[in-house]
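Q: Numbering (the working numbering), first residue to last: 254 to 591.
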Ligand SMILES: Nc1ncnc2c1ncn2[C@@H]1O[C@H](COP(=O)(O)OP(=O)(O)O)[C@@H](O)[C@H]1O
Ligand SMILES: [Mg+2]
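1. Does DSSP put residue 565 in a helix, in a strand, or in coil?
2. Measure the alpha-carbon distance for residue 569 versus residue 561 and round it to whole angstroms.
3. For residue 479, collect the residues of the same chain with a Cβ closer than 8 Å to its Cβ; drop the 5 residues on either side in sequence, then sort them by chain order.
4. Where do the ends of the beta strand (DSSP E) carrying residue 321 lie?
5. Which residues in the same chain as residue 417 place their Cβ atom closer than 8 Å to its Cβ, once the five residues preceding and following it in sequence are excluded?
6. Should the region 302-319 be regarded as contacting the region 549-565, the criterion being three or more beta carbon pairs within less than 8 Å?
7. With respect to 7 Å, is the separation between the Cβ of residue 409 and the closest non-hydrogen atom of ligand 2 below this value?
8. Could you name the residues of the same chain whose beta carbon sits closer than 6 Å to that of residue 413, not counting the 5 residues immediately before and after it, in chain order?
9. Can you look up residue 284 in the DSSP assignment and give me helix, strand or coil?
10. Cβ-heavy atom distance between residue 310 and ligand 2 below 7 Å?
11. Compare the C-alpha of residue 447 against each of 513, 307 and 475 and name the closest.
12. If you draw a straight line from the alpha carbon of residue 428 to that of residue 507, how long is it in whole angstroms?
13. Only counting runs of 4 or more residues, tell me where the alpha helix (DSSP H) segments fall wholly within the region 416-460, in order along the chain.
14. Taking Cβ positions, are residue 401 and residue 371 nearer each other than 8 Å?
15. Round the Cβ separation of residue 526 and residue 450 to the nearest angstrom and send it over; I've been treating them as touching at under 8 Å.
16. Cutting at 8 Å between CB atoms, please list the residues of its own chain near residue 300, excluding the five before and the five after it.
17. Report the rounded CA-to-CA distance for residue 399 versus residue 425, giving the unit in angstroms.
18. Does the Cβ-Cβ distance between residue 499 and residue 466 come in under 8 Å?
19. Hey, how far is the Cα of residue 550 from the Cα of residue 423?
20. Tell me, please, which residues DSSP counts as bridged to residue 398.
Have a look at this one:
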């Protein structure tokens, strides 16, 4: 089968802020995915959609499937750009459609849906400018983050605020730097968990991953900040959290956590794959922070592959499960590779 792997490759550009390319993929990730597909006999072209060449590529090449990991570059709906183009051209692709990708990228909008579905999510307020009054119901400490980013962008030790002056300073910083609304949420002190869902013929909820930041207290960042994700594993910087997969949870609580993730996956309308970030309070309420329909797939560093390995899958099994799920969903019939 002919597969195009659509991605946004990380670039080296010192004129950009250090987190500018954090959402994009490294050549190692792209090569690993292409390699995993080739092992199963598929022919793969990598298409970096950063260049205006996706459309010309698709005009010149007939592909059976697109394996899409492109985060997109422009505007409020960046993750939905590639799926929208592919839908228009009636080319099947892996993962969620343009609607779910745009929705999940907008954390506040997603949270409105979670609230309507009675899925616990931290109380919040969206600020498009810093002059708005703080909702009296919200309780400090609060965390301030960009509404439409990922990879911990805009999240550091100063994001957790304990008083109004710091809150408004942070809102101003986020709206200025990231040119978007600031999402203000109640900070949930609790266990950090993330749940991977893979639709592989049936829905598979992978073993829950727990990230324990106890070792990182000295860094001032006891949560998954940008630095924690970028320099993960650096004990010198105090950024070496411990990973437990499966998470250290009682069976009943684990079921509750998985159920929250599955309900989120369905509420947002995701396909094939998603990863839901959760904070579990001391009273065992799983608060959903967000859902990632395009989770990182770095074979060594990303959370999703870690969970797949804990389920006994190899990297190539994971990648091909995503492909097979999309083929099944779209009823793509091609001769199976040997
Ligand atoms: N309301 C919150 N309470 C506690 N920690 C939070 C909250 N919101 C975000 N965090 C911390 O920040 C990390 C990144 O936030 P998240 O909303 O998942 O954004 P991103 O899209 O950048 O991953 C979370 O994994 C968690 O560690
Ligand atoms: Mg997250």
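All C-beta atoms, glycine included, are put in the ideal place defined by N, C-alpha and C.
A: For this structure:
1. The residue you call residue 565 lines up with position 312 of the chain shown. Note: residue 565 maps to coil in three-state DSSP.
2. Position 316 of the chain shown, counted from the start, is the residue given in the question as residue 569. Position 308 of the chain shown, counted from the start, is the residue given in the question as residue 561. Between residue 569 and residue 561, the C-alpha separation is close to 10 Å.
3. Your numbering for residue 479 matches position 226 in the chain shown. Result list for residue 479: 272, 275, 404, 405, 406, 407, 408 and 409, in chain order.
4. Taking the chain shown and counting its residues from 1, one reaches residue 321 at position 68. Segment 318-321, the beta strand (DSSP E) holding residue 321.
5. The residue given as residue 417 occupies position 164 in the chain shown. These residues qualify, in order along the chain: 387.
6. no
7. For the purposes of this step, residue 409 is identified with residue 156 of the chain shown, where counting begins at 1. Answer for residue 409: no, Cβ out of range of ligand 2.
8. For this step, residue 413 is matched to residue 160 along the chain shown. Result list for residue 413: 394, 396 and 440, in chain order.
9. Here residue 284 corresponds to residue number 31 of the chain shown, with the count starting at 1. In this structure, residue 284 counts as helix in the three-state DSSP scheme.
10. Sequence index remark: in the chain shown, residue 310 carries index 57 (1-based). No.
11. Taking the first residue of the chain shown as position 1, residue 447 is located at position 194. Nearest of 513, 307 and 475 to residue 447, Cα basis: 513.
12. Taking the first residue of the chain shown as 1, we reach residue 428 at position 175. Taking the first residue of the chain shown as 1, we reach residue 507 at position 254. Each residue's alpha carbon lies about 37 Å from the other.
13. 417-431
14. Position 148 of the chain shown, counted from the first residue, corresponds to residue 401. Position 118 of the chain shown, counted from the first residue, corresponds to residue 371. The answer is no: Cβ separation not under 8 Å.
15. The sequence position of residue 526 within the chain shown is 273, counting from 1. The sequence position of residue 450 within the chain shown is 197, counting from 1. That pair is a contact at about 7 Å.
16. Working through the chain shown from its first residue, we reach residue 300 at position 47. Correct list, in chain order: 257, 258, 259, 260, 306, 307 and 310.
17. Locating residue 399 in the chain shown gives position 146, counting from the first residue. Locating residue 425 in the chain shown gives position 172, counting from the first residue. So the alpha carbons of these two residues sit roughly 11 Å apart.
18. Indexing the chain shown from 1 puts residue 499 at position 246. Indexing the chain shown from 1 puts residue 466 at position 213. Taking 8 Å as the Cβ cut-off, residue 499 and residue 466 do not qualify as a contacting pair.
19. The sequence position of residue 550 within the chain shown is 297, counting from 1. The sequence position of residue 423 within the chain shown is 170, counting from 1. Looking at the two C-alpha atoms, the distance is approximately 31 Å.
20. Counting from 1 along the chain shown, the entry for residue 398 is found at position 145. Beta-bridge pairing links residue 398 to 436.
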